[in-house]
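The sequence shown begins at 1 in UniProt numbering and counts up one residue at a time.
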Amino acid sequence: MNDMEVTTMLMRTDPFRDPFRELDRMAQLALGATGTLARPSAMPLDAWRDGDEFHVELDLPGVDPASIDLDVERNVVTVRAERPARASDAELIAAERPRGVFSRQLVLGDSLDTEQIQATYDAGVLSLSIPVAERAKSRRIEIEHKQDRQAITA
Numbered sequence: 001m002n003d004m005e006v007t008t009m010l011m012r013t014d015p016f017r018d019p020f021r022e023l024d025r026m027a028q029l030a031l032g033a034t035g036t037l038a039r040p041s042a043m044p045l046d047a048w049r050d051g052d053e054f055h056v057e058l059d060l061p062g063v064d065p066a067s068i069d070l071d072v073e074r075n076v077v078t079v080r081a082e083r084p085a086r087a088s089d090a091e092l093i094a095a096e097r098p099r100g101v102f103s104r105q106l107v108l109g110d111s112l113d114t115e116q117i118q119a120t121y122d123a124g125v126l127s128l129s130i131p132v133a134e135r136a137k138s139r140r141i142e143i144e145h146k147q148d149r150q151a152i153t154a
């Protein structure tokens with residue numbers, strides 16, 4: 001498997017095709033909602049293909065599993081989660097962990113079967129397993145060989 005296969009499984013948005021989504025992304029980046037190199041986003045992920053399964057793991061430490069929403073519309077998976085604000089009035093010394101409601105959208109390639117997504121949450125990690133669609137799997141085509149030729153006599 002090469003990088004091209006994984007790229008086609010998890011697609012990036014095209015700023016020329018979807019200018020409003022790109023403007024929203026840039027606004028979030030400027031406001032710090034999606035993170036920077038110094039402060040990563042609230043929902044960092046890893047994605048990889050293993051055989052006929054595509055896997056995504058999203059870090060959601062300290063999030064109540066009941067607050068996680070996972071929606072699929074066509075080939076877009078949206079993950080929403082909430083880490084509530086602190087209930088106490090104590091003076092904060094440091095507050096680097098994002099709180100509130102945050103979300104992330106994954107645009108999946110057409111080669112994945114979004115009807116069969118499985119999700120688990122364990123130890124602060126949301127794991128998605130998405131099978132490769134049958135139509136996208138490589139298959140061997142049998143070649144029919146005809147041997148009923150007749151000789152031409154002249």
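Every residue gets a Cβ at the ideal spot worked out from N, C-alpha and C, and that includes glycine. Given the structure is predicted, the values throughout are model-derived calculations rather than measurements.
CA-CA distance, residue i and residue j?
i           : j           : result
residue 86  : residue 55  : 33 angstroms
residue 65  : residue 121 : 7 angstroms
residue 111 : residue 75  : 10 angstroms
residue 46  : residue 130 : 14 angstroms
residue 93  : residue 60  : 23 angstroms
residue 145 : residue 151 : 17 angstroms
residue 132 : residue 91  : 50 angstroms
residue 142 : residue 50  : 27 angstroms
residue 73  : residue 149 : 54 angstroms
residue 95  : residue 101 : 16 angstroms
residue 118 : residue 128 : 6 angstroms
residue 44  : residue 82  : 15 angstroms
residue 84  : residue 97  : 11 angstroms
residue 6   : residue 77  : Note that residue 6 scores a pLDDT of 47, beneath 50, so its modelled location is shaky and nothing firm can be said.
residue 39  : residue 140 : Because the pLDDT at residue 39 is just 44, under 50, the model does not fix this residue reliably, and the point stays unresolved.
residue 53  : residue 153 : 58 angstroms
residue 103 : residue 71  : 11 angstroms
residue 99  : residue 124 : 15 angstroms
residue 138 : residue 67  : 39 angstroms
residue 105 : residue 115 : 17 angstroms
Going by DSSP, which residues form a beta bridge with residue i?
i           : result
residue 51  : BP columns for residue 51 are empty, so no partner.
residue 120 : 127
residue 153 : None, per the DSSP bridge assignment.
residue 57  : 46, 127
residue 132 : 112
Start and end of the beta strand (DSSP E) containing residue i?
i           : result
residue 108 : 100-108
residue 69  : 69-73
residue 82  : 76-83
Pull up the CB-CB distance for residue i and residue j, whole angstroms please, since I reckon it's below 8 angstroms.
i           : j          : result
residue 69  : residue 80 : 4 angstroms
residue 108 : residue 58 : Going by Cβ atoms, the distance from residue 108 to residue 58 rounds to 14 angstroms, so no, they are not a contact pair.
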